[in-house]
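S.K.: Here's a structure for you.
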Amino acid sequence: MTADAPRLQLLTRADCHLCAVAAETLHRLAAEAGLAVAEVDVDADPELQAEYGDRVPVVLLDGREHSYFTVDVPRLRRDLGL
1 MTADAPRLQL LTRADCHLCA VAAETLHRLA AEAGLAVAEV DVDADPELQA EYGDRVPVVL
61 LDGREHSYFT VDVPRLRRDL GL
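With full-length UniProt numbering applied, the sequence shown corresponds to residues 1 to 82, in that order.
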C-alpha cells in the first residue's frame, strides 16, 4: 500500500443494491474512526473487473480484502480499534 492510498476502499458497481447497503454501513463506521472511504467502480478498471467479477461489494482495508458481499461489522470495528 502506498502512503497516500486510503485505508478504506469499497469496490462497487452501479445499480448494485448490496453495494449501496455496504456503502452506507462503511461510511458510518469510517466516520466513527475518523476515516474516509474511497469508492472504486470495478467496471471502470478491466483488471478489477476481471479479478472481482460479480463478487462485489468488496471492502479493502489497507489494500487487503477484508470482506465481500456484506461489511463484516464486528471484525471491521475490531480492526479499526473501535
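Built from N, CA and C at the ideal position, the CB exists for glycine as well.
Would you kindly check if the distance between the Cβ of Leu-80 and the Cβ of Gln-9 is under 8 Å?
M.R.: Walking along the sequence shown from the start, residue 9 turns up at place 9. Walking along the sequence shown from the start, residue 80 turns up at place 80. Taking 8 Å as the Cβ cut-off, Gln-9 and Leu-80 do not qualify as a contacting pair.
S.K.: Quick one: using the 10 Å Cβ neighbour count with 16 as the cut-off for buried, is Pro-57 buried or exposed?
M.R.: One-based indexing of the sequence shown puts residue 57 at position 57. Classification for Pro-57: buried.
S.K.: Going by DSSP, which residues form a beta bridge with Val-40?
M.R.: Position 40 of the sequence shown, counted from the first residue, corresponds to residue 40. Partner(s): Leu-11.
S.K.: Can you tell me the Cβ-Cβ gap for Ala-30 and Val-37, rounded? I've got them flagged as a contact below 8 Å.
M.R.: Numbered from 1 along the sequence shown, position 30 holds the residue referred to as residue 30. Numbered from 1 along the sequence shown, position 37 holds the residue referred to as residue 37. Sure, about 5 Å apart at Cβ, within 8 Å.
S.K.: By a C-beta neighbour count over all protein chains shown, 10 Å radius and 16 as the cutoff for buried, is Ala-14 buried or exposed?
M.R.: Mapped onto the sequence shown, residue 14 falls at position 14. Flag for Ala-14 reads exposed.
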